[in-house]
Amino acid sequence: MRFGLGPYELGADGSTPPVESYEQMLEQAGHAEELGFDSVWVGENHFTAEGACSSSETAAAAVAVRTNAVRVGVFSTVTLTNPLYIAEDVAVLDSIANGRVIVAAQKGTAEELRGCNVKAEDAESRFVEALQVMMKAWGPTSFAHAGQHWKLPGKNLKGNPFAEGVNEINVTPKPAQLVVPLWIAARDRAGVEQAARFGFSWVASPLDTFAEVKAKNELYRKTLLASGRMVEGVLFPAVRELYIGESMKEARSDVEQGVMSLYQSYHRRGLLAEAPTSFEALARDRFIIGDVDHVAHEIQRYQREAGVNYIICRMSFAGVGHSKTMAAIKFFGQAVVPEFRMAAFPSEIRKRTRL
Amino acid sequence: MMEFGLGLWGMQATRMAPRHHVNLYREMIEDCQYAEELGFHSLWLTEHHFWYDGYCPSLIVGLGALAAATTRIKIATGVVLLPMHDPVRVAEQAAVADVLSNGRALYGFANGYRDVEFDGFGLRRKDRGARLTEQFGILKQAWTKDRFSFAGKHFNYTDLSITPKPLQKPHPPVFVGTSPLYGPAVQRAGKFGFGILVPPTLSPDQCHDAVRIWEKAAREAGHDVEMLRKEKIAPMGVCYDLWVDETNHKAEGIMPNLRYLYREQLGGWRFLVDAEGKAVAFDRPDILNSAVESVVTTAAIGSPSKVIRMLRKYEEAGIDFFCARVRWDSTPRVDLHRCIRLLAKEVMPAFA
Numbered sequence: 008m009r010f011g012l013g014p015y016e017l018g019a020d021g022s023t024p025p026v027e028s029y030e031q032m033l034e035q036a037g038h039a040e041e042l043g044f045d046s047v048w049v050g051e052n053h054f055t056a057e058g059a060c061s062s063s064e065t066a067a068a069a070v071a072v073r074t075n076a077v078r079v080g081v082f083s084t085v086t087l088t089n090p091l092y093i094a095e096d097v098a099v100l101d102s103i104a105n106g107r108v109i110v111a112a113q114k115g116t117a118e119e120l121r122g123c124n125v126k127a128e129d130a131e132s133r134f135v136e137a138l139q140v141m142m143k144a145w146g147p148t149s150f151a152h153a154g155q156h157w158k159l160p161g162k163n164l165k166g167n168p169f170a171e172g173v174n175e176i177n178v179t180p181k182p183a184q185l186v187v188p189l190w191i192a193a194r195d196r197a198g199v200e201q202a203a204r205f206g207f208s209w210v211a212s213p214l215d216t217f218a219e220v221k222a223k224n225e226l227y228r229k230t231l232l233a234s235g236r237m238v239e240g241v242l243f244p245a246v247r248e249l250y251i252g253e254s255m256k257e258a259r260s261d262v263e264q265g266v267m268s269l270y271q272s273y274h275r276r277g278l279l280a281e282a283p284t285s286f287e288a289l290a291r292d293r294f295i296i297g298d299v300d301h302v303a304h305e306i307q308r309y310q311r312e313a314g315v316n317y318i319i320c321r322m323s324f325a326g327v328g329h330s331k332t333m334a335a336i337k338f339f340g341q342a343v344v345p346e347f348r349m350a351a352f353p354s355e356i357r358k359r360t361r362l
Numbered sequence: 002m003m004e005f006g007l008g009l010w011g012m013q014a015t016r017m018a019p020r021h022h023v024n025l026y027r028e029m030i031e032d033c034q035y036a037e038e039l040g041f042h043s044l045w046l047t048e049h050h051f052w053y054d055g056y057c058p059s060l061i062v063g064l065g066a067l068a069a070a071t072t073r074i075k076i077a078t079g080v081v082l083l084p085m086h087d088p089v090r091v092a093e094q095a096a097v098a099d100v101l102s103n104g105r106a107l108y109g110f111a112n113g114y115r116d117v118e119f120d121g122f123g124l125r126r127k128d129r130g131a132r133l134t135e136q137f138g139i140l141k142q143a144w145t146k147d148r149f150s151f152a153g154k155h156f157n158y159t160d161l162s163i164t165p166k167p168l169q170k171p172h173p174p175v176f177v178g179t180s181p182l183y184g185p186a187v188q189r190a191g192k193f194g195f196g197i198l199v200p201p202t203l204s205p206d207q208c209h210d211a212v213r214i215w216e217k218a219a220r221e222a223g224h225d226v227e228m229l230r231k232e233k234i235a236p237m238g239v240c241y242d243l244w245v246d247e248t249n250h251k252a253e254g255i256m257p258n259l260r261y262l263y264r265e266q267l268g269g270w271r272f273l274v275d276a277e278g279k280a281v282a283f284d285r286p287d288i289l290n291s292a293v294e295s296v297v298t299t300a301a302i303g304s305p306s307k308v309i310r311m312l313r314k315y316e317e318a319g320i321d322f323f324c325a326r327v328r329w330d331s332t333p334r335v336d337l338h339r340c341i342r343l344l345a346k347e348v349m350p351a352f353a
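Have a look at this one:
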């Protein structure tokens, strides 16, 4: 089992100015690295009422500078613009991060597509084509691409005496990694199947219930095998709202308000069909919020029953405050991570007994 | 008071000095930290696309890294070739970097000129001026208005709100980079109330002319010129090729490094033309080399006192910001650091 921290949305919570939210994220990222996390993630959301971070690559460059070992994950909405921009940004980010980048590609919300003048019915084909362009751009050679949405290089060469005969482009610099890990962050069935066919990991959204994560991981596994690919060594990541406190009650009271306002915003953005009414209804089979035993048991359940082997923990919620979040990250790293890293040892040895 | 920035970090792994990019980006961060320690105003990155040496294509991602590595120095793009970009994406990235840096971001924008870059993105170079004008309008609105709409020939947006908004109000300072033919770009800068950044080949007289054109255009657009200049919201900048060493003779040692870089770029980028309008590349070394000489001979290279004399003429011409272009590819970093130390200790105080 591996553990990530994030994705940070960095929206305004009314009490913390944006400049402090970003600073706190950087401190939490360094803290998580020391406590045995495998990755830190930045989200990307455009045009939101909450004022979320709209450029994950820019913010992740800062995370990369403040860490040395963790992977630096970016959620990136690849349907909204020319994918060459994303390919270039990620290549530079990967150089800054010394080859630690993971990209989780998103399809975009209805509001994001509208804002960028992308027809909703084109999102699917743009998504697939953008991934193809990005992979070509990161490849070792120059390339040309002629698709439904992008033709690169364009056909403007006539009349440009200095570019005559040039019909391929080479995106530089190349990423530091030979292959940049691409994950698919799309909740629909098509997204799961695309991930398996491309041979990318599919990452479960925090909105997916336990049952959905399980069913989609099964679909992913089947499609992967049907495409002639191996399942061994493949990552099955899932993003979860996760928080750990001294008791079930304390954990819930710390984060309830922040989580509820986040899910109300998901509802407004059209990501969650029904308006959230109660914390219990949302939490059931979705959140991992509680004391040490509860959190460890829940992660074990995802591991054993839903096939998940990588939990990305979103531990930073509006209203909780930086020092409490830092404490929760530490508590998780010292009390829960060993349950999985040292699973073969007797519980007296691996358990952290006191705060 | 004259301010000094350092440029231009492009993280190129050229034929003369091929390096892994991971090292080049790490050095960018270390150089920026040293520049901060020495008291420089800003550090500037430079952009091109699709060039074999990995010339940095994503400046604002680079600023994200510098923001996390420094606390006082301003961090700047010199310049984003804006017509090749998506203006909403740039507005968003620029705002995120401004927040990450606690309001230390400066943004230089210019047209771009290499055909292969426009072609690569599927754009027409001849649209660049029109795109840039629309993009300036979009950036200003996206940064300053809660929600905005824009209807143009190249861009259309309806009721958008970019987030976060920049930390600096009304927005981060903007510099418009110009070519040696500075007129149109300087006028555009004046119209929007933005600063200017003219190239190293302009003489002090031409700089004086550029400042005059800018002031006229800014006044006509209704801007408070005195306030814009006094508050340094619209700096009049020159990006100047520069090298300082203890003596004039020692400083001249930089010339081969300048020549290698300029020969390779002027030749490889094929933007020079001969008398018949034909592209000049490495097959025409005579024309190429004489063009390179005309560039490198304008550089401020010498002892601190010589460089002070040269820069003083620009100050007298109305320039109030220098981007000292000191990062010459294939130069040992120990030499670079000696150069910027001398610049900080011996040259900058003369303009304080």
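First to last, the protein sequences are chains A and B.
All residue numbers for the first sequence refer to the working numbering, where the first residue is 8 and numbers rise by one.
All residue numbers for the second sequence refer to the working numbering, where the first residue is 2 and numbers rise by one.
Backbone N, C-alpha and C define an ideal beta-carbon position, used for all residues, glycine too.
Proximity of Ala68 (chain B) to chain A, defined by a Cβ-Cβ separation below 9 angstroms, is satisfied. Counting only residues of its own chain and dropping the five nearest sequence neighbours on each side, Ile295 (chain A) has a CB closer than 6 angstroms to the CB of Arg247, Leu249, Val302 and Glu305. At a cut-off of 9 angstroms between beta carbons, Val70 (chain A) contacts chain B.
The beta carbons of Val245 (chain B) and Val308 (chain B) sit about 5 angstroms from each other, so the pair counts as a contact at 8 angstroms. For the region 68-90 of chain B, the set of residues with a beta-carbon nearer than 8 angstroms to any beta-carbon of chain A comprises Ala68, Ala69, Ala70, His86, Asp87, Val89 and Arg90, in chain order. Each residue's CA atom was taken as its position, placing Arg342 (chain B) and Glu200 (chain A) some 57 angstroms apart. The bridge partners DSSP lists for Ile176 (chain A) are A:Phe150. Annotation: Pro182 (chain A) to Gly206 (chain A) spans about 19 angstroms, alpha carbon to alpha carbon. Within the region 136-219 of chain B, the complete beta strand (DSSP E) segments of 3 residues or longer fall at 149-152, 157-161, 175-178 and 196-199, listed in chain order. Per DSSP, the unbroken beta strand (DSSP E) holding Phe5 (chain B) starts and ends at Glu4 to Trp10. Glu248 (chain A) is bridged by DSSP to A:Arg321.
For Cys57 (chain B), the neighbours in chain A by C-beta distance under 7 angstroms run, in chain order, Val99. DSSP places Gly37 (chain A) in the helix class (H, G or I) of the three-state scheme. Nearest CB-CB separation between Trp48 (chain A) and chain B: not below the 9 angstroms threshold. Proximity to Glu41 (chain A) across A:Glu253, A:Met333 and A:Ile318 peaks at A:Met333, based on C-alpha coordinates.
The criterion of a C-beta distance shorter than 9 angstroms is satisfied by Ser46 (chain A) and Leu12 (chain A).
Between Glu93 (chain B) and chain A, the shortest Cβ-Cβ separation is below 9 angstroms. Counting only residues of its own chain and dropping the five nearest sequence neighbours on each side, Cys123 (chain A) has a CB closer than 7 angstroms to the CB of Leu87 and Thr88. C-alpha of Ala18 (chain B) to C-alpha of Arg189 (chain B): approximately 38 angstroms in a straight line. Taking a Cβ-Cβ cut-off of 8 angstroms, the neighbours of Glu95 (chain A) in chain B comprise His50, Pro58 and Ser59, given in sequence order. Between the alpha carbons of Val77 (chain A) and Asn249 (chain B) lies a distance of about 48 angstroms.
Ranking B:Lys314, B:Gly303, B:Ser304 and B:Glu265 by CA distance to the CA of Ala292 (chain B) puts B:Glu265 first. Take Glu312 (chain A), set aside five residues on each side of it, and the residues of its chain with a beta-carbon closer than 7 angstroms to its own are Lys221, in chain order.
For Ala112 (chain A), the pairing in a beta bridge is given by DSSP as A:Ser83 and A:Ile191.
Taking Lys126 (chain A) as reference, the option from A:Asn224, A:Glu95, A:Pro180 and A:His156 with the minimal CA-CA separation is A:His156. Thr78 (chain B): member of the beta strand (DSSP E) spanning Lys75 to Leu82, first to last residue.
Collapsing the DSSP output to three states places Arg293 (chain A) in coil.
Listed along the chain, the chain B residues whose CB falls inside 7 angstroms of the CB of Ser61 (chain A) are Glu93, Val97, Ile163 and Thr164. Within its own chain, the residues whose Cβ lies closer than 6 angstroms to the Cβ of Gln31 (chain A), once the five positions on either side in sequence are excluded, are His329, listed in chain order.
Ranked by Cα distance from Asp96 (chain A), the options A:Leu159, A:Glu64, A:Phe347 and A:Val241 are led by A:Glu64. Ranked by Cα distance from Ala98 (chain A), the first of B:Ile139, B:Gly79, B:Gly55 and B:Leu107 is B:Gly55.
Ranked by Cα distance from Glu31 (chain B), the first of B:Pro205, B:His338 and B:Ala353 is B:His338. At a cut-off of 9 angstroms between beta carbons, Tyr35 (chain B) makes no contact with chain A. The three-state secondary structure of Val274 (chain B), taken from DSSP, is strand. At a cut-off of 9 angstroms between C-beta atoms, Lys126 (chain A) does not count as an interface residue with respect to chain B. Taking each of A:Leu214, A:Ile318 and A:Val110 in turn and checking the Cα distance to Trp190 (chain A), the smallest one comes out for A:Val110.
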